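These protein sequence lines map, in sequence, to chains W and F. When the count follows this note's numbering, it moves up by one through the first sequence with no breaks and lands on 121 for the last residue. When the count follows this note's numbering, it moves up by one through the second sequence with no breaks and lands on 1121 for the last residue. Contents: one structure, followed by commentary.
2 protein chains.
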Amino acid sequence: MTPPETLGPVTSLDAAIAGRLKRDADGLVPAVVQDATSHDVLMVGWMDDEALHRTLTTRRGTFWSRSRQSYWVKGETSGHIQEVREVRLDCDGDTLLVVVDQTGPACHTGDRTCFDADRLL
Amino acid sequence: MTPPETLGPVTSLDAAIAGRLKRDADGLVPAVVQDATSHDVLMVGWMDDEALHRTLTTRRGTFWSRSRQSYWVKGETSGHIQEVREVRLDCDGDTLLVVVDQTGPACHTGDRTCFDADRLL
């Protein structure tokens, strides 16, 4: 095992990307996750620099939980992982689009997407 | 002209919907806007209760600008309007999905979507 303190720049988001990110007061940006095949919007998670770094380098959708105040990897308990194909930053630098191959349902409720259950209009 | 103070509940978001919304510290939720035909994710805006109410009742994508601290209707100056077909609330009640017929490019840069220009992966 390599101790984390020796990993150096491997744990840091690329400076050229970090310089383009416009984070909210909590250091976060919303990350819209879209299915590469169906094009369904599956969910929205939140990323700080480290979550984005992990997503880009591991190609697994990795987010910051605002309620639990910790990182989580989609599917780490359910097996419903997201293999990341593309990551895009929007024109304002304050939102990410993450295009994935989703294994199983994306929603923790068992629904295919997090937007299946509650239609307002 | 009807003075705004006589409009009453017309200007208020339906209480059953308002009760399900989980807003951030600024009273906002992100609204992911998706093209009904291409299924492209076009942009992400922000809505408070009133912006959501206006979106649901006028069927025009209406948002809160965090930088200008004011409401804006997509296309009000550019003509690149969004006719709203569906609005969905996610499983946590803290994100909206707005499915639209988009006239013209969705991005103020002239790009088709706000995610066209900056691919990180």
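Beta carbons: idealized from backbone N, C-alpha and C, even for Gly. Small disclaimer: the values here were computed from a predicted structure and weren't measured.
Proximity below 8 Å, CB of residue i to CB of residue j
{"i": "F/ASP1040", "j": "W/CYS114", "result": "no"}
{"i": "F/ARG1112", "j": "F/GLN1082", "result": "no"}
{"i": "F/ARG1088", "j": "F/LEU1096", "result": "yes"}
{"i": "F/ALA1106", "j": "F/LEU1042", "result": "yes"}
{"i": "W/GLY93", "j": "W/ARG20", "result": "yes"}
Limits of the unbroken alpha helix (DSSP H) element including residue i
{"i": "F/GLU950", "result": "Missing from the structure shown is residue 950 of chain F; chain F here goes from 1001 to 1121 and no further."}
{"i": "F/ILE1081", "result": "Unbroken run through F/ILE1081: none, as it is neither H nor E."}
{"i": "W/ALA15", "result": "15-18"}
Separation of residue j from residue i, as counted between CA atoms
{"i": "F/LEU1007", "j": "F/ARG1054", "result": "Reliability of the predicted coordinates at F/LEU1007 is poor, the pLDDT of 45 falling under 50, and the value obtained from them is presented with this limitation in mind. Each residue's alpha carbon lies about 13 Å from the other."}
{"i": "W/GLY45", "j": "F/SER1078", "result": "30 Å"}
{"i": "F/THR1058", "j": "W/VAL32", "result": "25 Å"}
{"i": "W/TRP72", "j": "W/ALA15", "result": "23 Å"}
{"i": "W/TRP64", "j": "F/ALA1025", "result": "17 Å"}
{"i": "W/ALA51", "j": "W/THR62", "result": "5 Å"}
{"i": "F/VAL1010", "j": "F/ASP1101", "result": "Note that F/VAL1010 scores a pLDDT of 46, beneath 50, so its modelled location is shaky; the value from the coordinates is reported in the next line. Rounded to the nearest angstrom, the two C-alpha atoms are 25 Å apart."}
{"i": "F/LEU1121", "j": "W/GLY110", "result": "28 Å"}
{"i": "F/GLU1076", "j": "F/GLN1034", "result": "19 Å"}
{"i": "F/LEU1028", "j": "F/VAL1099", "result": "19 Å"}
{"i": "F/LEU1056", "j": "F/SER1038", "result": "22 Å"}
{"i": "F/ASP1048", "j": "F/SER1070", "result": "11 Å"}
{"i": "F/ARG1119", "j": "F/SER1012", "result": "39 Å"}
{"i": "W/ARG68", "j": "W/PRO30", "result": "16 Å"}
{"i": "W/LYS74", "j": "W/ARG66", "result": "15 Å"}
{"i": "W/ALA18", "j": "F/LYS1022", "result": "29 Å"}
{"i": "W/HIS80", "j": "W/ALA36", "result": "15 Å"}
{"i": "F/HIS1108", "j": "W/HIS108", "result": "35 Å"}
Opposing strand residues paired with residue i [DSSP bridges]
{"i": "F/ALA1031", "result": "F/GLY1045, F/LEU1096"}
{"i": "F/PHE1115", "result": "In DSSP, F/PHE1115 forms no bridge with anything."}
{"i": "W/ARG88", "result": "W/LEU97, F/ARG1119"}
{"i": "W/THR62", "result": "W/VAL73"}
First and last residue of the uninterrupted beta strand (DSSP E) at residue i
{"i": "W/THR103", "result": "That residue, W/THR103, is in no beta strand (DSSP E); it is neither H nor E in DSSP."}
{"i": "W/THR109", "result": "Neither: W/THR109 is in no beta strand (DSSP E) and is coded neither H nor E."}
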